[in-house]
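J.:
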Amino acid sequence: MVAPNHVCLLQKYFYGLKQAPRAWHKWFSSFVQWSGFSPSTSDPSLFVYTVVADITYLLLYVDDIILTASSTLVLRRLTKLLHSEFTVTHLGDLHDFLGISVTHSVDGLFLS
129 MVAPNHVCLL QKYFYGLKQA PRAWHKWFSS FVQWSGFSPS TSDPSLFVYT VVADITYLLL
189 YVDDIILTAS STLVLRRLTK LLHSEFTVTH LGDLHDFLGI SVTHSVDGLF LS
């Protein structure tokens, strides 16, 4: 049946629509804040998780995530938590991100 005067209400956002990135960021942001992360006041894509002496930073860019923590145990726990809600692919150590080359050394990271 064709109904030219009817409209549809979408129950879920479709990838590619204008509002999809906003909906995705809202969903992700709500979940990580529920999980104990606090949003950064300087960057809405940066979330910080602090427990006693451990600190974790999560940076979200569209659908890419950089996650780093002061403790391997906390990092594993938070990665498992993200896996429980989202389809996550672990790509290993960070080598490049948004055109920035990352080199690991004993002194830390070198960005160029």
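Under our numbering, the first residue of the sequence shown carries the number 129, and numbering increases by one thereafter. Beta carbons are placed, not taken as given, at the ideal position from N, Cα and C, and that holds for glycine.
1) Could you tell me the distance, in whole angstroms, from the CA atom of Leu219 to the CA atom of Val234?
2) Within the continuous beta strand (DSSP E) that includes Val180, where are the two ends?
3) With distances taken Cα to Cα, identify the nearest neighbour of His211 among Gly227, Thr169, Ser163 and Arg150.
4) Applying the criterion that 16 or more other CB atoms from any shown protein chain within 10 Å of the CB defines a buried residue, is Phe214 buried or exposed?
5) Strictly by DSSP, which residues pair up with His232?
6) Could you pull the start and end residues of the alpha helix (DSSP H) that Thr196 belongs to?
7) Just tell me which of Thr200, Leu201 and Phe159 has its CA closest to the CA of Leu188.
8) Looking at chain D, is there any beta carbon in it that lies within less than 7 Å of the beta carbon of Phe159?
9) Grab the span of the alpha helix (DSSP H) containing Thr217 for me, first residue to last.
10) Closest to Leu186 by C-alpha separation, out of Val179, Ile194 and Val180, would be which residue?
11) For Phe175, which of helix, strand or coil comes out of DSSP?
12) Tell me the residue span of the alpha helix (DSSP H) that contains Gln147.
T.: Let's see:
1) 21 Å
2) It is not in any beta strand (DSSP E) - Val180 carries neither H nor E in the DSSP assignment.
3) Ser163
4) exposed
5) Leu237
6) Here Thr196 belongs to no alpha helix (DSSP H); instead the beta strand (DSSP E) covers Asp192 to Ala197.
7) Phe159
8) No chain D is part of this structure, which consists of one protein chain only.
9) Segment: none, Thr217 is in no alpha helix (DSSP H) and carries neither H nor E.
10) Ile194
11) strand
12) It is not in any alpha helix (DSSP H) - Gln147 carries neither H nor E in the DSSP assignment.
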